[in-house]
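Residue numbers (the working numbering), protein chains in the order written: chain A, 3 to 198; chain B, 48 to 360; chain C, 459 to 1269.
Since the structure comes first, as structure tokens, the remarks are kept for the end.
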Amino acid sequence: MDMNRRQFFKVCGVGLGASSMAALGMAPPTAYAESIRHFKLTNTRETRNTCPYCSVGCGLILYSQGSGGKNVAQNIIHIEGDSDHPVNRGTLCPKGAGLLDFIHSPNRLTHPEVREAGSNEWKRIEWSEALDRIARLMKDDRDANFIERNDKGQTVNRWLSTGFLAASASSNEAGYITHKVVRSLGMLGFDNQARV
Amino acid sequence: MMATQDVIARSATTTERPSIREIGEVAKLIDTSKCIGCKACQVACSEWNDLRDEVGTSAGTYDNPIDLTAQSWTVMKFAEYENPGSGNLEWLIRKDGCMHCADPGCLKACPSPGAIVKYANGIVDFNQDHCIGCGYCITGCPFDIPRISEKDKKAYKCTLCSDRVSVGLEPACVKTCPTGAIVFGSKADMKEHAAGRIADLKERGFDQAGLYDPDGVGGTHVMYVLHHADQPSLYSALPDEPTISPLVSLWKGVTKPLALLGMGAAVLAGFFHYTRVGPVRVEEEQENAELSEPVVHQVDPSVHVVDPKEPRP
Amino acid sequence: MTNHWSDIQNADLVLIMGGNAAEAHPCGFKWVTEAKARNKARLVVVDPRFTRSASVADLYAPIRTGTDIAFLGGLINYLLENDKIQHEYVVNYTDVAFIVKEGFGFEDGLFNGYDADKRSYPDKTAWGYELDEDGFARVDKSLSHPRCVYNLLKQHYSRYTPEVVSNICGTPQDRMLQVWEAIAETSAPGKAMTVMYALGWTQHSTGSQMIRTGAMVQLLLGNIGMPGGGMNALRGHSNIQGLTDLGLLSNLLPGYLTLPLEAEQDYAAYIAKRTAKPLRPGQLSYWQHYEKFHVSLMKAWYGKNATAENNWGYDWLPKLDIPGYDVLKVFDMMYQGQVNGYFCQGFNPIASFPNKAKVSAALAKLKYLVIMDPLATETSEFWRNAGEYNDVDTAAIQTTVFRLPTSCFAEENGSLVNSGRWLQWHWKAAEPPGQAQTDVVIMGGLFHRLRELYRKEGGAYAEPLLNIDWAYRQPEEPTAEEIAQEYNGKALGDVFDLQSGAQLAKAGEQLSGFGLLRADGSTSCGCWIFSGSWTQAGNQMARRDNADPYGMGQTLGWAWSWPANRRILYNRASADPAGNPWNPEKKRLVWWDGGKWGGTDVPDFKVDSPPADGMNPFIMNPEGVARLFAIDKMNEGPFPEHYEPFETPIGRNPMHPDNPQAISNPAARVFKNDMELFGTAKEFPYAATTYRLTEHFHFWTKHCRLNAITQPEQFVEIGEVLANELGIKAGERVKVSSNRGYIKAVAVVTKRIKPLTVDGQTVHHIGIPLHWGFAGVARNGYLTNTLTPFVGDANTQTPEFKSFLVNVEKA
């Protein structure tokens, strides 16, 4: 490139005049010496992940901006298939290829909220308040309705008046810890998407 | 690959292009017989290019968006075809988008210098910095590909991911394609790959399977494997024999110089400003600037194509 | 999947039936493309609609929804009649020679022992093998005994002639026979067909039996355990396999251990019942180790509090009074006002469960509802009036709803199990938005609060809660790594080899696999089938060596596959009884090398058991062989039989036209009031089926702009012929109604749905994609489960989303 961009603008002038002049074939030979598209992944961080949609389990590479340093929050700007992955070999379906818009969906939940009985709106609350209130509701219901013994006097230790649907897109670790807690409470109305 | 020196054709420009570097031609091959119409390519294209089209409506088909737009550079076209020979229903699905013609009608038609360039590897790219939004590229395109954006009045289309290709990556649609219906490589390799696919299709009963690389536009750098290569138009009106509109030839031969003359008259002030002031300033600010080229060329063709492999005249 | 995704490349024939892999699993479907390239494989698709999978198939056959048992039953008959079975495999590796008890019978659509009032078979004792004096099953290898499984099977399916099947399925006979013929070719010992199915088989009132029929076909063809073969359930969610493996279902514990019934008060009897002794001499019957897995689980959950004295905390496990509190049961209870609280962790039941009106009314009876989700789901806003899409009286809904924001995949470390049973680790790339937290942190927070409340206040039966082992380094925030190490298992004391006495693991070490588990409390393991995933050598799920030294696509160094990093289940069956691969050229998997079993995969077998000892490949079954006769394991009978969907377009079962009890699955549970909500063909003449599109994932991607662009608006698919009859043009809006409600959507008019001739009538299908709702960036639409019936499969209770009746009219 033998002309810098500022010079180029000066040379060309502005507006229709410049375009039209150039259209006459009079642009200097240097005018095309510019880069049209910049490669956007320069200096991004790559993180290996797995697609959260169907169960093919495609390998992903998440590209994020930011150095990872203390003063920045990493921002994921692009997602591509992991070429090393033996199943998807770098490919992604339209859902996987669009995952960036899941991460950044305008409908992501960002704060704990409550909708009070009969209300028509969400109210933002603190985590501690949310968990305290839920724990209280759980305990009251469990204490009131827990069945230690059935009619025959057999020990059954079940809690049927509260149920739990677990998430089949959550990790094994979330699922395992959820199971550990839920069963220890005696819950049986416990299922995940495998049922439907 | 794909340094600016690899631009071998540039709209509305008559200066000679650099030509000493040897760059092979690339091509994208789309195998319609492996395509499941999943639209991963559509999504990957928009994601990579930071495009978000409007959320539209359903027109009672699987095609969405229903057509190319300035923010949807590739779309899947679905056609249901009852094959009279076999009696079978076929769902012919074609990824529509720029064909990156060897002889690009858009570039020929474009009146704005540098708004459309063609690289030695075959990629035809639009530079919106120079686009004046006249829409001549649309007239020039035998495949009806470019679209003018309502936002900025500039023309857009598939770039064949020139930014990815320039750093040695395949285009985003190629990388993502789940079934390998889209592949990318040298044009020669792609033709060979296509030959293998065509042989397989013939074994599976598609006697007319073949490659779509139409001569009318000098061949393309996006090619299709078709089960029915004898009837490209079955695939949602893929042109059977695409050629550049005679209007563009007319424009190129007679009309364009006349029109340009008109434009020149309208902007005479600018013209004089340029010829009088511009080069001088450059000379002032950058002493080493090479100004030996005459400012105004006498060469008539608006497009000057250089094939680095051809011996120089 | 018995096999896994990249193994599909080894198939000679691919059957996609009860699924639409190209649409729902495109990146897995690529291996079908590879099979075509590698083996010149053919792809056969059987589906009511000409799908995206069909668009690249070599052979497509239409079928009426809900009639797959007839189609496959006819295929079984065809294979037996034309002698297209893999004889050596069938005789040695299946139960064909086993003699069934006297008393087993089948008449006019019902097996023996049916109780119409209970809608079930309370007495299944005759559905079993005759045993000899040593407790072993009697066999007749000559297959001449009239009650051997082979002859019963032959007799049962002899009724499924091509004429009968075509009449039920609507599949033209010539096309059907082409499909059967293509499939039959894979009975050659070295050939393999893979079956790829999904919810198109599961979501029927006869879903489990459809899948069984498919498996029976595969056994007769000798395709189970073969590379490129198998029964491959293409699971729908990224970790639905993992959550199933971890037992997050009403009646399960991790690793397919089962919760006790309330009658099982005695711990020893509970274990004994699950510790099956071999039913034939020399068989492994691997569940003999049940107690080792169970005790190790209880040690993982309750640590030192689980002791031999308290039967490892047996009382702390809830005991079931019914087979299970599945979601249909729970929502019926909720509807009756018997449930006060409900949690939805990444689950959108108002969209995902049948009969939205009932689900919505049920949720409104809750006192509290807790949502944990990364996205704003419809369920979280079931109380919001969204006009025609959710017309509710907000003020009247007294449910308190908490909505807790969670992280998504990109914002956490952890592992998921894919359909091929691979546990794959993933890494966090960014922080979650706002105050969102991981599910682990939320569950930890709730647990701590509850435990504190019980410590302070006391309350109902707090022991299990107080005794839980929660020794995580940061108790409020256990890490994924700690939890993964816990489910893998570790040595609590030194572990020794039971025979040689050699030390296998030192106290505190991570275990190398479930072979080290002990029933004496010296090991802990949260999920025995995951043991080996995080060993002393580190996180095996994070392995990234994709080398494929045998070119068979098994990649044993990539991630970790349960069980024991084995990639193909039952792989001993890929070799003949003498231990040599059926196909030594292209399908070498495991073989006997004279001293041990080895090969391109981890043998699913006792590695030092020589072929001469006669141990058979199906080591999880006490028989050692696979079951064509399901004994008492299936609720509607040992052999699959065709029953109509509960909403049948023809109103009768052509197999049993005169028995009203045998129209639809006689053992399927139907709740009071739901029976009345079934519609009939008189009012609702068209067969409807719901499904996914490739552009969307359930109700998530309507929140994602890129996906909303590719399918922005709700539509239904109508065949050209019917559309012409009704005067409906593509792009017009139509109203689709069932006896439970209606939706309105754009009509896609297509040649891909053809009218079928069934039982002398014309049956039209209506295709209903399911991805829209009243929240998201896509255009709002109706929840399609407004239409679907509240009835499930007789074994799994999976709802019949795939077959019901609707009417269609211009909107």
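Glycine included, every Cβ here is placed at the ideal spot set by N, Cα and C.
When C-beta atoms of the stretch 773-787 of chain C are compared with those of the stretch 1225-1235 of chain C, fewer than three pairs fall below 8 Å, so the two segments do not count as touching.
Residue-level contact by beta carbon fails for PHE41(A) and chain C, as no gap is shorter than 8 Å. By the C-beta criterion, the stretch 94-111 of chain B is judged to be in contact with the stretch 1163-1183 of chain C, since at least 3 inter-stretch pairs fall below 8 Å. Between the alpha carbons of GLY257(B) and HIS1229(C) lies a gap of roughly 37 Å. When Cβ-Cβ separations below 8 Å define contact, GLU48(A) makes no contact with chain B. The beta carbon of SER69(A) does not come within 8 Å of any beta carbon belonging to chain C, so the residue lies off that interface. Close to chain C, meaning a Cβ-Cβ distance shorter than 8 Å, are the following residues of the stretch 71-95 of chain B: SER80, LYS81, CYS82, ILE83, GLY84, CYS85, LYS86, ALA87, GLN89, VAL90, SER93, GLU94. Secondary structure note for ASN77(A): its beta strand (DSSP E) is the uninterrupted segment 77-83. Sixteen is the threshold: since fewer than 16 other Cβ atoms of the shown chains lie within 10 Å of the Cβ of LYS72(A), the residue is exposed. Collapsing the DSSP output to three states places THR552(C) in a strand. Between the stretch 837-849 of chain C and the stretch 670-681 of chain C, the count of C-beta pairs closer than 8 Å stays below three; the two stretches do not touch. At a cut-off of 8 Å between beta-carbon atoms, ASN1004(C) makes contact with chain A. Taking 8 Å as the upper bound for CB-CB distance, ASN1123(C) and SER578(C) are not in contact here, some 11 Å apart. Per DSSP, HIS1161(C) has no beta bridge partner at all. Around the beta carbon of ILE543(C), a 10 Å sphere encloses 16 or more other beta carbons of the protein chains shown; the residue is thus reported as buried.
Fully contained in the stretch 936-1009 of chain C are the following alpha helix (DSSP H) runs of length 4 or more, in chain order: 938-946. Between ARG510(C) and chain B, the shortest Cβ-Cβ separation is below 8 Å.
If you check each beta-carbon in the stretch 1004-1021 of chain C against every beta-carbon of chain A, the ones closer than 8 Å belong to ASN1004, ASP1006, GLY1011, THR1013, TRP1016. When secondary structure is reduced to three states using DSSP, HIS545(C) falls in the helix class. Taking a Cβ-Cβ cut-off of 9 Å, PHE529(C) has no neighbours in chain B, whose nearest Cβ is about 20 Å from it. Less than 8 Å divides the Cβ of THR460(C) from the Cβ of LEU1027(C).
Chain B places a beta carbon closer than 8 Å to that of ASN1165(C), counting this residue as a contact. Legend: CB atoms of the stretch 1177-1199 of chain C lying less than 8 Å from CB atoms of chain B belong to residues LYS1187, ALA1188, GLY1189, GLU1190. In terms of beta-carbon proximity, PRO96(A) lines the interface with chain B, with at least one pair separated by less than 8 Å.
For LEU62(A), there is no enclosing alpha helix (DSSP H); the residue is part of the beta strand (DSSP E) that begins and ends at 61-67.
Residues of chain A with a Cβ closer than 7 Å to the Cβ of PRO832(C) are, in chain order, ARG110, LEU111. Per the Cβ contact rule, the stretch 686-704 of chain C is in contact with the stretch 981-994 of chain C (3 or more Cβ pairs under 8 Å).
Chain-ordered, the chain B residues with CB closer than 9 Å to the CB of ARG1237(C) read VAL102, GLY103, THR104, SER105. Within the stretch 471-513 of chain C, the complete beta strand (DSSP E) runs of at least 3 residues fall at 471-475, 500-504. DSSP places ASN147(A) in the uninterrupted alpha helix (DSSP H) bounded by 129-147.
Around the CB of THR44(A), fewer than 16 other CB atoms lie within 10 Å, so the residue is classed as exposed. Looking from the CA of ARG39(A), the closest CA among PRO289(B), LEU207(B), PHE231(B) belongs to LEU207(B). Listed in chain order, the positions of the stretch 203-236 of chain B with a beta carbon within less than 7 Å of a beta carbon of chain C are PRO225, THR226, GLY227.
At a cut-off of 8 Å, the C-beta of LEU102(A) has a neighbouring C-beta in chain B. Considering only ASP505(C), ASN468(C), THR937(C), the residue with the shortest C-alpha distance to ARG496(C) is ASN468(C). Under the three-state reduction of DSSP output, ARG47(A) falls in the strand class.
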